[in-house]
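Engineer: Attaching a single structure in structure tokens format; questions to follow.
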Amino acid sequence: MYTTVCPMPYRQSVRLPVVYLPTLPSIIRFLLLIFLFILSPSLALAQVLRGRVVDAERPETPLVGAAIRGQGAVTDSAGYFAVQLGQPVSYIQVSHLGYRTQRVPITTETPTTLTVALEATTIQVLDEVTVSSKYYRQYATNTISSALRLRTPLINLSQNIQTITPEQIFDQGSFNMTDNVSRNISGVIRQEVSNNLGPYLFMRGGQIAALRNGVDLAPIYRGPQPEDASIIDRVEFVKGPSLFMNNIGDPAGSFNVVTKQPTGAPRRTLTAMFGSFDFYRLAADFDGQLDKKGKLLYRLNAMGMGMSTNSFVKFDYNRRFLIAPVLRYHVSGRTYVSAEYTYQQFRYGLSSPIVDSPGVDSPGVDSPGVDSPGVDSPGGFGSLPVDFAIAEPSLNPYHVSDHTGFLTFSHQFNSNWQLTIRGAFMRNDNEGAYMWVTGVNTAAPTILLRNPKYDLNRTDVFSQQAFVNGSVVTGTIRHQVLAGTDLNQKRFRADSYVQYDTYVDAGGKTQLKYYPLDVNNPVYGAEIPNYHIPGGLINRGFSSWVISIFRSWSFT
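Counting from 1 along the sequence shown, just add 72 to a position and that's the residue number in my numbering.
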């Protein structure tokens, strides 16, 4: 028998050092010391520099808005500033418009409050500032069309000219001049009545002249017909007098619609627009060459707006058709001849849903015995529904046909001189009937007394212009020379505001036949007789002729 004996494990005593654990307040004090040690250089550098900027010649005059460059500080209304220097600097720069920029050294001996005196200067050129963004398209342009007869870049002109580009018109979804085009220009307002008869743009206290391709096509009475976006290449608004570059204009300004011209580059574009109230619109743009040598170019634009395009206003609709071919033949590299024709046809309901307050004697609105297109509302201005109308669906649409044409000859003598001769014509016919609120119903102010009126208008405009522009150099100065003449013949024939719906009363007097309409409970459906003048304007209406001749000479 065997017995196993297990030895006991050997134990050695080791003496360990004694470590005392710090208390919580000691830890906090330790961390605070480390934080202050790290922060102490920054605190030493973050000194506050205060000062005041004044005029050197008049130290009692503070300079308000002086800039401390690189520090993001400007002086207050008393000329004082305060900047926090987060890192060591050797100087600061102080600038103010009309004063010479001054560099102020900063040393250890510089007082924390100092005075900076700037010297006035008459020579100070501001740097060009360009604002850009990757999220928005660039609409600005630095050029103007040749129709304005100037070769100077837009940024170098003293005249205030603003341009609306075709990209801007397309992106905004505008479809004619009375839509959103004019709202892109500051200071321009548009008369909201009879939008289909003309843009009627006002600026600087007056109605501005309407030009197309630099030619005055504004008729005597109404118009010109609003240009459709499908033919607009750009729109140029000239603010203020501009007779030095255009013979015809208004002291308030003018706007020039530049139509699309052939470029020779092959292009086929179809555009469709759809919207509320059964709105749809199709446009086509074709551009290219008709021969292999590239001398004969063409541009064709066409547009149609649907037969069922309505509006938020009752019985208001709009049907449009347009076709605009352009041909350009390059006789040589310096000479070309172009011919352009545009035909527009409109059919729409002409109405004037203006809301006025009853019982208020406004000139031409609620004065007894004075005709007015206004609508009397018992609740005051704007109290009627937005779709309220005084028209009737039984009335035939207002018909408008507009023909315009241009014939242009251009020859470039050399790189400095160019001759341009252009002739244009326009014929506009419009005919239709519309409802009109005649007088005031004093017995029942909420009952409108409507009566149909009839218009038949024809406008003819013939314009010719010839101008030469170029430049000459005398020493180190380059002069721009412009000389030209414009000739206009305008004729207007009309038989307007015909009160054809009448009857003879018992006393033998002719009276208007009224179609009452209650603004509180409008009921439509009255059968309104339509009308057409027998023989047209041959033996009726009035005629007016205006012939104008303008000559200009400009040397800058």
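For every residue, glycine included, the Cβ atom is placed at its ideal position computed from N, Cα and C. Treat the numbers as computed from the prediction; the structure is a model and nothing was measured.
Roughly how many whole angstroms lie between the Cα atoms of G142 and A189?
Structural biologist: One-based indexing of the sequence shown puts residue 142 at position 70. One-based indexing of the sequence shown puts residue 189 at position 117. One C-alpha to the other measures close to 19 Å.
Engineer: What does DSSP give as the partner residues of H483 in its beta bridges?
Structural biologist: The residue labelled residue 483 in the question sits at position 411 within the sequence shown. Paired residue(s): T407 and L491.
Engineer: On the three-state DSSP scale, how would you describe V684?
Structural biologist: Residue 684 falls outside the range modelled here, since the chain spans only 73 to 628, and no answer is possible.
Engineer: Are the CB atoms of R175 and Q165 nearer to each other than 7 Å?
Structural biologist: Here residue 175 is taken as the residue at index 103 of the sequence shown, counted from 1. Here residue 165 is taken as the residue at index 93 of the sequence shown, counted from 1. The answer is yes: Cβ separation under 7 Å.
Engineer: Can you tell me the Cα-Cα spacing of D501 and T548, whole angstroms?
Structural biologist: One-based indexing of the sequence shown puts residue 501 at position 429. One-based indexing of the sequence shown puts residue 548 at position 476. Answer to the nearest angstrom: the Cα atoms are 55 Å apart.
Engineer: If you measure between the beta carbons of T514 and A538, is that distance less than 7 Å?
Structural biologist: Here residue 514 refers to the residue found at position 442 when the sequence shown is read from its first residue. Here residue 538 refers to the residue found at position 466 when the sequence shown is read from its first residue. Cβ distance not < 7 Å, so T514 and A538 don't count as in contact.
Engineer: Reducing DSSP to helix, strand and coil, say where E239 ends up.
Structural biologist: Translated into positions along the sequence shown, residue 239 becomes position 167. Helix, per DSSP.
Engineer: Going straight from the alpha carbon of Y389 to that of D350, what length do you get?
Structural biologist: Counting from 1 along the sequence shown, the entry for residue 389 is found at position 317. Counting from 1 along the sequence shown, the entry for residue 350 is found at position 278. Cα-Cα distance, rounded: 10 Å.
Engineer: When you compare each of G170, V155 and L589 to L186 by their alpha carbons, which one comes out closest?
Structural biologist: Mapped onto the sequence shown, residue 186 falls at position 114. Nearest option by C-alpha distance: V155.
Engineer: Evaluate the contact criterion for the region 485-498 versus the region 524-543: three or more CB pairs, one atom per stretch, below 8 Å.
Structural biologist: Yes: the two stretches touch, three or more of their Cβ pairs being nearer than 8 Å.
Engineer: By Cβ distance below 6 Å, which residues in the same chain neighbour Y569 in space, the five residues on each side in sequence not counted?
Structural biologist: Here residue 569 refers to the residue found at position 497 of the sequence shown. Here the set comprises K525.
Engineer: By the DSSP assignment, the beta strand (DSSP E) with Y171 in it spans what residues?
Structural biologist: Within the sequence shown, the letter at position 99 stands for residue 171. Element bounds for Y171: n/a, residue is neither H nor E.
Engineer: Please list the terminal residues of the continuous beta strand (DSSP E) segment that includes T187.
Structural biologist: Working through the sequence shown from its first residue, we reach residue 187 at position 115. Where T187 is concerned, the enclosing beta strand (DSSP E) stretches over T185 to L190.
Engineer: In this structure, does DSSP put Q536 in helix, strand or coil?
Structural biologist: As a first step, residue 536 is located in the sequence shown; it is residue number 464 there, counting from the start. Note: Q536 maps to strand in three-state DSSP.
Engineer: Taking L584 as the reference, which of M507, I261 and S455 has the closest Cα?
Structural biologist: For the purposes of this step, residue 584 is taken as residue 512 along the sequence shown, with counting starting at 1. Nearest option by C-alpha distance: M507.
Engineer: Please go through the same chain and pick out, in chain order, the residues whose beta-carbon is closer than 7 Å to the beta-carbon of A301, but skip the five residues on each side of it.
Structural biologist: Taking the first residue of the sequence shown as 1, we reach residue 301 at position 229. Only I241, S246, F247 and N248 meet the Cβ criterion.
Engineer: For V120, which three-state DSSP category applies?
Structural biologist: Within the sequence shown, the letter at position 48 stands for residue 120. Strand at V120.
Engineer: Quickly, what does DSSP pair H402 with across the bridge? List them, please.
Structural biologist: The residue given as residue 402 occupies position 330 in the sequence shown. Per DSSP, Y408.
Engineer: What's the C-alpha gap between G436 and F358?
Structural biologist: Position 364 of the sequence shown, counting from 1, holds the residue named residue 436. Position 286 of the sequence shown, counting from 1, holds the residue named residue 358. Residue confidence is low: G436 scores 37 on pLDDT, short of 50, so the model does not pin down where it sits. Its coordinate-derived value is still stated next. Cα to Cα, the separation comes out at about 49 Å.
Engineer: Return the chain-ordered list of same chain residues with a C-beta closer than 6 Å to the C-beta of L362, the five sequence neighbours on each side being excluded.
Structural biologist: Sequence index remark: in the sequence shown, residue 362 carries index 290 (1-based). Excluding positions up to five away in sequence, the list reads L368 and Y370.
Engineer: Using 10 angstroms around the beta-carbon of G431, count the other beta-carbons present and answer buried if the total reaches 16, otherwise exposed.
Structural biologist: Along the sequence shown, one-based indexing puts residue 431 at 359. Model confidence at G431 stands at a pLDDT of 37, short of 50, so the residue's coordinates are unreliable and nothing is read from them.
Engineer: Is it right to say D474 is buried, meaning 16 or more other beta carbons lie within 10 angstroms of its own, or is it exposed?
Structural biologist: Position 402 of the sequence shown, counting from 1, holds the residue named residue 474. Buried, because 16 or more other Cβ atoms sit within 10 Å of the Cβ of D474.
Engineer: DSSP state of S326, grouped into three classes?
Structural biologist: Indexing the sequence shown from 1 puts residue 326 at position 254. In the structure shown, S326 sits in a strand (DSSP, three-state: E or B).
Engineer: Can you say whether P296 is buried or exposed, counting buried as having 16 or more other CB atoms within 10 angstroms of its CB?
Structural biologist: Here residue 296 refers to the residue found at position 224 when the sequence shown is read from its first residue. Buried is the call here.
Engineer: Which class does V253 belong to by DSSP, given the choice of helix, strand or coil?
Structural biologist: As a first step, residue 253 must be located in the sequence shown, where it is residue number 181. Reduced to three states, the DSSP call for V253 is helix.
Engineer: How is N560 classed by DSSP in three states: helix, strand or coil?
Structural biologist: Here residue 560 refers to the residue found at position 488 when the sequence shown is read from its first residue. Reduced to three states, the DSSP call for N560 is strand.
Engineer: Give every residue of the same chain whose Cβ lies closer than 6 Å to the Cβ of A396, excluding the five residues on either side of it in the sequence, and list them in chain order.
Structural biologist: Here residue 396 refers to the residue found at position 324 when the sequence shown is read from its first residue. Cβ neighbours of A396 beyond the five flanking positions: I303, N373 and T414.
Engineer: Just verifying my parser: in three-state terms, what is the DSSP assignment at A301?
Structural biologist: As a first step, residue 301 is located in the sequence shown; it is residue number 229 there, counting from the start. It is helical.
Engineer: Taking only three categories from DSSP, how would you classify I227?
Structural biologist: Position 155 of the sequence shown, counting from 1, holds the residue named residue 227. Here I227 sits in helix by DSSP.
Engineer: Would you call the region 251-261 in contact with the region 177-186, where contact means no fewer than 3 C-beta pairs closer than 8 Å?
Structural biologist: Cβ pair count under 8 Å is below three, so no.
Engineer: So, helix, strand or coil for S218, using DSSP?
Structural biologist: Position 146 of the sequence shown, counting from 1, holds the residue named residue 218. In the structure shown, S218 sits in a helix (DSSP, three-state: H, G or I).
Engineer: Taking all protein chains shown into account, do 16 or more other C-beta atoms lie within 10 angstroms of the C-beta of N560, making it buried, or fewer, making it exposed?
Structural biologist: Mapped onto the sequence shown, residue 560 falls at position 488. Under this definition N560 is a buried residue.
Engineer: Taking only the alpha-carbon atoms, compute the straight-line gap between D127 and V161 and give it to the nearest angstrom.
Structural biologist: Here residue 127 corresponds to residue number 55 of the sequence shown, with the count starting at 1. Here residue 161 corresponds to residue number 89 of the sequence shown, with the count starting at 1. Roughly 25 Å separates the two Cα atoms.
Engineer: Could you tell me the alpha carbon to alpha carbon distance between N541 and A337, rounded to whole angstroms?
Structural biologist: Numbered from 1 along the sequence shown, position 469 holds the residue referred to as residue 541. Numbered from 1 along the sequence shown, position 265 holds the residue referred to as residue 337. About 28 Å.
Engineer: Kindly indicate which three-state DSSP category Q263 falls into: helix, strand or coil?
Structural biologist: Taking the sequence shown and counting its residues from 1, the one referred to as residue 263 is at position 191. It is coil, neither helix nor strand.
Engineer: As a quick exercise: from L121, D459, A192 and A212, pick the residue whose alpha carbon is nearest that of E181.
Structural biologist: For this step, residue 181 is matched to residue 109 along the sequence shown. Per the Cα distances, L121.
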